[in-house]
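Here is the structure we will look at.
2 protein chains.
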Amino acid sequence: MDKFMQAAIDEAKLGLAEGGIPIGSVLVHNGEIIGRGHNKRVQSGSPILHGEMDALENAGRQPARVYKESTLYTTLSPCSMCSGTILLYGIPKVVIGENQTFMGEESLLTSRGVNAQVLHNQECITLMNDFIRDKPELWNEDIGE
Amino acid sequence: MDKFMQAAIDEAKLGLAEGGIPIGSVLVHNGEIIGRGHNKRVQSGSPILHGEMDALENAGRQPARVYKESTLYTTLSPCSMCSGTILLYGIPKVVIGENQTFMGEESLLTSRGVNAQVLHNQECITLMNDFIRDKPELWNEDIGE
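Sequence order for the protein chains is A and B.
Mapping of the first sequence onto the UniProt record's numbering: position 131 corresponds to residue 131, and the numbering continues sequentially without gaps.
Mapping of the second sequence onto the UniProt record's numbering: position 57 corresponds to residue 57, and the numbering continues sequentially without gaps.
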């Protein structure tokens, strides 16, 4: 298992333990994690802190160059908000745990030149399947449905 | 002047007075402002709190129905992050102060059925022109350049 995807999964599990939505993300630059995050809808009452957004927020203000040399790891296919953020900052590569329980804007990312790699990771799939089964209303809220 | 665009401009000016980037936004539902915000890059050290994102964050968790009945007012053409967020939540209409100093993802929004109306408001244009002239590095950071 890629250690960075493992770190994203650890974030997802941390979110679940907090009563939240189990999606985690890490931003990696030069082989180091510069931001970790997980979905904070429940914990912070936030409609914008998806896992990817929380990782970027926790990385803080970075020069444009850093984003353009970084890879974002996320346990779930990034939605249009998170994909738009990847495009804003020109993050060139996204490693995605799975896209079976939710297909985000991978086509948009790819069409704009982002390298989107999907791992089809079983642990990520199970985390989301269990969560969607247990709290469907919360999941629908998170994806605007 | 539309009172909701005026409220967005007031937010932009508040941000400027705080030493921040002068972009403001309000989310309007059923003729009432349910969230106000302005860019907080400087004030909160945040790479994700653009004006639109801050307005949504301040509106808090809303049912999907509310977003789908709302209009987002923003002083500047929404970047890919903010446009992706508009798409995530299915906000059907965006009223934009100006797109002369920065052209966001209006084409993407329109292609997905969002009604994007541009006011070409001179006060919004002047706010941004003055800001970009005075703090070009800060502005470039905000748009990932």
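Heads up, the beta-carbon is just placed ideally off N, CA and C, and yes, glycines get one too.
Helix, strand or coil: which one does DSSP assign to residue i?
{"i": "GLU32 (chain A)", "result": "strand"}
{"i": "VAL114 (chain A)", "result": "coil"}
{"i": "LYS145 (chain B)", "result": "Here the sequence assigns Glu to residue 145 (chain B), which means Lys is not the residue at that position. In the structure shown, GLU145 (chain B) sits in coil (DSSP, three-state: anything other than H, G, I, E or B)."}
{"i": "LEU119 (chain A)", "result": "coil"}
{"i": "LYS93 (chain B)", "result": "strand"}
{"i": "SER77 (chain A)", "result": "coil"}
{"i": "GLU98 (chain B)", "result": "strand"}
{"i": "GLY84 (chain A)", "result": "helix"}
Return the CA-CA distance between residue i and residue j, expressed in angstroms with no decimal places.
{"i": "ILE21 (chain A)", "j": "SER46 (chain B)", "result": "22 Å"}
{"i": "ASN99 (chain B)", "j": "GLU123 (chain A)", "result": "44 Å"}
{"i": "THR74 (chain A)", "j": "GLU52 (chain A)", "result": "7 Å"}
{"i": "ALA7 (chain A)", "j": "SER25 (chain A)", "result": "8 Å"}
{"i": "MET103 (chain B)", "j": "PHE4 (chain B)", "result": "21 Å"}
{"i": "GLN117 (chain B)", "j": "ILE86 (chain B)", "result": "14 Å"}
{"i": "PHE131 (chain B)", "j": "SER80 (chain A)", "result": "29 Å"}
{"i": "VAL94 (chain A)", "j": "GLY31 (chain A)", "result": "14 Å"}
{"i": "GLY144 (chain B)", "j": "GLU11 (chain A)", "result": "26 Å"}
{"i": "LEU27 (chain A)", "j": "ALA64 (chain A)", "result": "14 Å"}
{"i": "HIS38 (chain B)", "j": "GLY113 (chain A)", "result": "30 Å"}
{"i": "LEU119 (chain A)", "j": "CYS82 (chain A)", "result": "18 Å"}
{"i": "ILE125 (chain B)", "j": "GLY15 (chain A)", "result": "42 Å"}
{"i": "GLN62 (chain A)", "j": "LEU109 (chain B)", "result": "27 Å"}
{"i": "LEU138 (chain A)", "j": "TRP139 (chain B)", "result": "36 Å"}
{"i": "SER111 (chain A)", "j": "GLY84 (chain B)", "result": "15 Å"}
{"i": "ILE9 (chain B)", "j": "ALA17 (chain B)", "result": "12 Å"}
{"i": "ASP2 (chain B)", "j": "SER44 (chain A)", "result": "33 Å"}
{"i": "PRO136 (chain A)", "j": "LYS135 (chain B)", "result": "46 Å"}
Can you tell me where the beta strand (DSSP E) holding residue i begins and where it ends?
{"i": "LEU49 (chain A)", "result": "Element bounds for LEU49 (chain A): n/a, residue is neither H nor E."}
Excluding five sequence neighbours on each side, which residues of the same chain lie with their C-beta closer than 8 Å to the C-beta of residue i?
{"i": "GLU141 (chain A)", "result": "ARG41"}
{"i": "LYS13 (chain A)", "result": "PRO22, GLY24, LEU127"}
Taking the continuous alpha helix (DSSP H) assigned at residue i, which residues delimit it?
{"i": "ILE9 (chain A)", "result": "3-17"}
{"i": "ARG65 (chain A)", "result": "64-68"}
{"i": "ARG41 (chain A)", "result": "41-44"}
Which same chain residues, not among the five before or five after residue i, have their C-beta less than 7 Å away from its C-beta?
{"i": "ASN129 (chain A)", "result": "THR101"}
{"i": "TYR89 (chain A)", "result": "TYR67"}
{"i": "ASN121 (chain B)", "result": "MET5, GLY97, GLU98"}
{"i": "SER70 (chain A)", "result": "LEU27, VAL28, HIS29, ILE91"}
{"i": "GLU106 (chain B)", "result": "SER77, ASN99, ALA116"}
{"i": "ARG36 (chain B)", "result": "ALA7, GLU11, VAL26, ALA55, ASN58"}
Could you name the residues of the same chain whose beta carbon sits closer than 6 Å to that of residue i, not counting the 5 residues immediately before and after it, in chain order?
{"i": "LEU49 (chain B)", "result": "LYS40"}
{"i": "GLY19 (chain B)", "result": "VAL42"}
{"i": "GLU133 (chain B)", "result": "Sequence check: residue 133 (chain B) is Arg here, not Glu. Cβ within range, chain order: n/a, list empty."}
{"i": "ILE34 (chain A)", "result": "LEU27, ALA59"}
Kindly indicate if chain C contains any beta-carbon less than 8 Å away from that of residue i.
{"i": "TYR67 (chain B)", "result": "In the displayed structure, chain C is absent; the protein chains listed are A and B."}
* To do: With 8 Å as the limit, tell me which residues of the segment 75-106 of chain B have their beta carbon closer than that to any beta carbon of chain A; keep them in chain order.
  => For the segment 75-106 of chain B, the residues whose beta carbon sits under 8 Å from a beta carbon of chain A are, in order, CYS79, SER80, MET81, CYS82, SER83, GLY84, THR85, LEU87, LEU88, TYR89, GLY90, GLU105.
* If you measure beta-carbon to beta-carbon, which residues of the segment 114-145 of chain B are closer than 8 Å to chain A? -> So the close ones are ASN140, GLU141, ILE143, GLY144, GLU145.
* Given a limit of 7 Å on CB to CB distance, which residues of the segment 32-54 of chain B reach chain A? -> Listed by position along the chain: ARG41, GLY45, SER46, PRO47, ILE48, MET53.
* For the segment 3-30 of chain B, which residues have a beta carbon sitting closer than 7 Å to at least one beta carbon of chain A? -> Taken residue by residue, none of the segment 3-30 of chain B has a beta-carbon sitting less than 7 Å from a beta-carbon on chain A.
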